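Q: Chains as they are written, first to last, in my numbering: chain A, 46 to 582; chain B, 483 to 841. Structure in structure tokens, see below.
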């Protein structure tokens with residue numbers, strides 16, 4: 046076991062490398078109570094379409110009785126967006142329901158009425174996970190429907206290169222979020238087991254749990270757990286200075302001590318990232334055989350009497366959790382899902398908890414500043430040192446505002462992670478993140494247009510070539526026939542020359558034949574006919 | 483669950499928190515930190531300084547209100563956005579005591595209406611508005627702009643204090659061009675210190691000078707002390723993080739380095755001492771208050787330092803080689819002019835060629 050407190054020099058270097066902001070800490074309120082289990086809500090909601098995921102198709106119908114842990118829906122290939130019933134009960138509806146996304150939209154949702162018995166499906170626990178082959182572990186993780194948060198996370202396991210380092214991201218830099226901290230405080234041992242399983246599954250040589258220095262109780266818990274389980278070789282804890290945000294790229298830089306070049310994707314550094322929730326869910330999936338049915342969610346905000354962390358069943362409506370914390374509805378100003386710097390507002394109390402719901406903030410009036418009319422940019426440069434990616438937000442802002450797509454790509458708008466640090470520090474209250482989202486939309490629309498037009502031009506070109514080929518073939522055959530009139534086959538088949546008079550004769554003969562036939566048929570059926578049509582047919 | 487409907491106060495986008503910094507508050511700080519120098523200036527040169535300031539502020543407010551009306555914006559912007567007032571106060575700081583009122587109005591008009599609002603308002607101007615107004619006066623009315631008329635005697639020839647009611651009347655007479663009082667003509671704060679040498683700070687520090695006469699109203703230590711007041715205000719701006727350290731350091735370091743290294747060069751002899759370049763109001767006012775205007779200065783740290791160095795070098799060359807009283811003014815305007823180019827090069831460095839379209 047090793048505790049990696051970097052020495053003061055590299056600590057300062059890490060702080061310098063970690064650009065960003067230091068927003069005031071709001072973590073204490075929800076950390077006062079321990080991690081709580083919650084009672085069963087009456088209705089649970091399982092949205093089938095979520096932003097950024099394949100849509101899931103239901104495997105059950107309204108009226109079906111389901112058991113806890115039963116698969117309710119999955120994407121067409123059965124690998125993505127697995128939806129499991131988080132308690133036993135009856136499916137009452139497949140209906141449109143508010144879902145957690147920034148647009149406040151509704152979507153197809155399975156509604157489950159809990160029967161209160163919490164009956165499980167048959168589980169297949171594995172007591173001795175060390176002996177399981179990596180493939181078996183992976184298939185267990187896949188079947189558990191574990192949400193993969195980031196690009197260089199679990200989805201890159203099949204990457205050709207074997208990863209060297211597994212990084213468990215316990216940084217949780219958002220000012221309100223305490224879910225990971227609360228979870229580690231009470232379940233450090235399970236986290237270590239989960240990390241060990243992940244390490245075995247991906248074959249990483251080292252495993253590092255990265256955590257920020259202000260989470261002293263969680264660090265202490267990890268330390269104790271590491272000492273108790275002496276056999277956990279290869280797992281280390283790395284303490285980083287608390288800054289917001291710490292991107293995956295910065296995290297890999299800090300852990301490997303190098304610098305990921307801009308052109309190189311993070312995954313190629315030989316690092317695999319997983320967050321705390323994922324790691325815990327992996328442990329449950331492999332050891333107990335349980336799918337991911339709950340996640341730890343921070344429920345906080347100044348309207349709540351007792352903010353706390355819940356082990357929330359997936360599908361629980363947000364309002365149910367808020368009631369458990371004693372919400373003061375009169376004082377409620379804004380309901381935010383996700384952190385205070387990257388979260389989105391909710392427009393309904395019925396929005397369910399999903400696998401990515403880290404936090405619900407019921408903000409009181411005055412807790413978050415009311416929107417202010419943005420002033421003009423005075424190029425004050427406050428945003429430049431705040432950007433964790435090293436972009437130039439004020440120049441990007443001008444590029445987006447002037448719709449200069451060349452500048453947007455040149456200034457690497459696509460690298461923006463929308464962390465909100467620049468808008469947080471902007472003294473003119475410019476909603477920079479919104480501008481950048483709009484700019485990205487313009488770029489992606491443009492890319493789609495280019496793709497479409499390339500596709501169309503390719504098809505047009507293919508058609509033109511085909512027509513030209515056909516014409517050439519037809520011309521070629523005719524020229525051949527003209528050039529070689531002595532060919533007896535062609536003369537015999539009557540294709541030798543085109544004669545107008547002979548054609549007329551042939552047509553007249555054909556018309557006469559048809560008329561003769563129709564007259565015979567007309568005697569039989571006595572049906573009146575359109576003389577025009579006769580001539581044409 | 484009997485939840486009332488959620489309040490729907492419009493559409494909120496992340497981030498939901500804000501650091502609380504406000505550009506209006508920062509600009510107010512700039513005005514506040516100018517005020518010590520204004521006070522010192524008034525002490526030495528008379529109430530006319532305050533009259534200039536007041537006139538510039540009033541004209542700016544009127545012009546700003548007219549512009550807002552033309553652009554069909556709410557007049558409340560006038561109260562929220564003190565950026566126009568910053569230009570007015572800085573202009574009031576550089577205009578000489580006793581200058582005619584219509585020159586103050588002209589300079590303010592050029593600063594606000596032409597250099598600021600014709601370019602598109604706050605954040606769009608290429609040049610520092612206050613310096614544009616002042617540069618126009620320097621070019622068109624050099625003699626009036628270079629002269630500081632301090633009322634030291636009243637109409638009957640008795641000595642008066644510039645700070646007394648009689649001094650106020652004298653200043654008003656100068657401004658209204660009904661100068662029945664005789665005054666002392668002296669030099670401008672932003673003037674090259676060609677005429678200064680004698681009673682300057684070095685002489686003061688060497689001792690043997692009449693301290694009371696130097697520090698009394700109308701005394702010759704005025705320029706140095708105003709400079710010190712601007713230096714103090716600039717330090718406060720630095721401490722409060724309203725400005726960065728790069729530009730002032732660039733200006734002062736280049737100026738000092740140039741005057742130290744070029745001291746032995748023949749032909750520059752009278753203008754080589756460091757104290758001569760730093761003495762006087764202009765350098766500190768320019769380094770801390772005028773060149774640091776974020777709108778007209780580059781963006782990345784290194785390019786800011788480079789921009790400051792260009793201004794420092796230009797101040798040195800214009801003061802030693804040139805003969806214009808507006809060396810500092812034109813040096814800062816030169817820096818403003820080069821800012822877009824510096825920015826392009828800096829962005830190319832940060833993002834590669836694609837960032838700017840430069841080859």
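C-beta: ideal position from N, C-alpha, C; glycine also. It should be emphasised that the depicted structure is a prediction, and the values quoted were computed from it without experimental measurement.
Which whole-angstrom value is the C-beta distance of residue 569 of chain B and residue 547 of chain B, which I expect to be below 8 Å?
A: No, residue 569 of chain B and residue 547 of chain B are not in contact; Cβ-Cβ is about 15 Å, not under 8 Å.
Q: Could you tell me which residues DSSP pairs with residue 36 of chain A in its beta bridges?
A: Look at the range of chain A in this structure, 46 to 582, and you will see that residue 36 of chain A is not part of it.
Q: When burial is assigned at 16 or more other CB atoms within 10 Å of the CB, is residue 272 of chain A buried or exposed?
A: Exposed: under 16 other Cβ atoms inside 10 Å.
Q: Taking DSSP as the reference, what is the three-state secondary structure of residue 339 of chain A?
A: It is a strand residue.
Q: Tell me whether the beta-carbon of residue 227 of chain A lies closer than 8 Å to the beta-carbon of residue 80 of chain A.
A: Yes, they are a contact pair.
Q: Select from A:514, A:517, A:155 and A:294 the residue whose C-alpha is nearest the C-alpha of residue 435 of chain A.
A: With distances taken between Cα atoms, residue 435 of chain A lies closest to A:294.
Q: Which residue comes first and which comes last in the alpha helix (DSSP H) that contains residue 558 of chain B?
A: 558-562 is the span of the alpha helix (DSSP H), which, as asked, contains residue 558 of chain B.
Q: Rounded to a whole number of angstroms, what is the C-alpha to C-alpha distance between residue 417 of chain A and residue 555 of chain B?
A: Their Cα atoms are separated by approximately 16 Å.
Q: Find the residues of chain A that neighbour residue 785 of chain B, judging by a C-beta separation of less than 8 Å, and give them in chain order.
A: What residue 785 of chain B touches in chain A: nothing, since even the nearest Cβ is about 10 Å away.
Q: Please tell me whether residue 476 of chain A has its Cβ less than 8 Å away from any Cβ of chain B.
A: True, the Cβ-Cβ gap to chain B drops below 8 Å.
Q: Given 8 Å as the limit, is there contact between the stretch 435-454 of chain A and the stretch 397-405 of chain A, that is, 3 or more CB pairs closer than that?
A: At 8 Å Cβ cutoff, the stretches do not touch.
Q: Quick one: give me the first and last residue of the alpha helix (DSSP H) that residue 242 of chain A is part of.
A: Here the alpha helix (DSSP H) through residue 242 of chain A covers 224-247.
Q: Taking a cut of 7 Å between CB atoms, which residues from the stretch 577-592 of chain B lie near chain A?
A: From the stretch 577-592 of chain B, no residue has a Cβ closer than 7 Å to chain A.
Q: My assumption, with CB atoms under 8 Å, is that residue 433 of chain A sits in contact with residue 301 of chain A. Please give the rounded CB distance.
A: That pair is no contact at about 17 Å.
Q: Rounded to whole angstroms, how far is the Cβ of residue 770 of chain B from the Cβ of residue 731 of chain B, which I believe are closer than 8 Å?
A: 11 Å between Cβ atoms; not a contact.
Q: Go ahead and pull the three-state DSSP assignment for residue 389 of chain A.
A: Looking at residue 389 of chain A - three-state DSSP - the assignment turns out to be strand.
Q: On the DSSP bridge list, what partners appear for residue 826 of chain B?
A: According to DSSP, which records beta bridges pairwise, residue 826 of chain B is partnered with nothing at all.
Q: Over the uninterrupted beta strand (DSSP E) stretch that includes residue 181 of chain A, give me the two end residues.
A: That residue, residue 181 of chain A, is in no beta strand (DSSP E); its alpha helix (DSSP H) goes 179-188.
Q: Could you give the distance in angstroms between the alpha-carbon of residue 489 of chain A and the alpha-carbon of residue 453 of chain A?
A: Using only the alpha carbons, I get a separation of about 11 Å.
Q: Taking Cβ-Cβ distances below 7 Å as the criterion, which residues of the stretch 770-781 of chain B are in contact with chain A?
A: Here the close residues are 776, 777 and 781.
Q: In whole angstroms, give me the CA-to-CA distance for residue 440 of chain A and residue 427 of chain A.
A: Each residue's alpha carbon lies about 12 Å from the other.
Q: Closer than 6 Å by C-beta to residue 587 of chain B: which residues in its own chain qualify, once you throw out the five before and the five after it? Chain order, please.
A: Answer for residue 587 of chain B: 541, listed in chain order.
Q: Does the beta-carbon of residue 557 of chain B have 16 or more other beta-carbons within 10 angstroms, so that it is buried, or is it exposed?
A: With fewer than 16 Cβ atoms within 10 Å of its Cβ, residue 557 of chain B is classed as exposed.
Q: Below 7 Å CB to CB, which residues in the same chain sit around residue 195 of chain A once its five sequence neighbours on both sides are set aside?
A: Note that residue 195 of chain A has pLDDT 44, beneath the 50 cutoff, so the model's placement of it is unreliable and the number below is only indicative. Excluding residues within five positions, the ones whose Cβ falls inside 7 Å are 293 and 318.
Q: Residue 511 of chain A to residue 500 of chain A, Cα distance in whole Å?
A: Roughly 16 Å separates the two Cα atoms.
Q: Run the CB neighbour count on residue 558 of chain A, radius 10 Å, all protein chains shown included, and call it buried at 16 or more, exposed below.
A: Exposed, since its Cβ has fewer than 16 Cβ neighbours within 10 Å.
Q: Beta-carbon separation of residue 588 of chain A and residue 158 of chain A under 8 Å?
A: One cannot answer for residue 588 of chain A here, as it falls past the ends of chain A, which runs 46 to 582.
Q: Could you give the distance in angstroms between the alpha-carbon of residue 244 of chain A and the alpha-carbon of residue 222 of chain A?
A: If you take the alpha carbons of residue 244 of chain A and residue 222 of chain A, they lie about 26 Å apart.
Q: What's the call for residue 494 of chain A, buried or exposed, on a 16-neighbour Cβ count within 10 Å?
A: Looking at its Cβ environment, which holds fewer than 16 other Cβ atoms inside 10 Å, residue 494 of chain A is exposed.
Q: Between residue 618 of chain B and residue 648 of chain B, is the Cβ-Cβ spacing less than 8 Å?
A: Contact: no.
Q: Once the 5 residues before and after residue 605 of chain B are set aside, which same chain residues still bring their CB inside 6 Å of it?
A: Contacts found: 777.
Q: Suppose the cutoff is 7 Å on Cβ atoms and the five residues either side in sequence are ignored; what does the same chain contact list for residue 461 of chain A look like?
A: Contacts found: 434, 436 and 481.
Q: If contacts are defined as beta-carbon pairs under 8 Å, then residue 142 of chain A and residue 132 of chain A qualify, I think. What distance do you get, rounded to the angstrom?
A: Not a contact, Cβ separation roughly 18 Å.
Q: Would you call residue 811 of chain B buried or exposed, if buried means 16 or more other Cβ atoms sit within 10 Å of its Cβ?
A: By the 10 Å Cβ count, residue 811 of chain B comes out buried.
Q: Hey, quick one: how far does the alpha helix (DSSP H) through residue 405 of chain A stretch, first residue to last?
A: That residue, residue 405 of chain A, is in no alpha helix (DSSP H); its beta strand (DSSP E) goes 404-409.
Q: Residues of chain B with a CB under 7 Å from the CB of residue 390 of chain A: which are they?
A: The contacting residues are 494.
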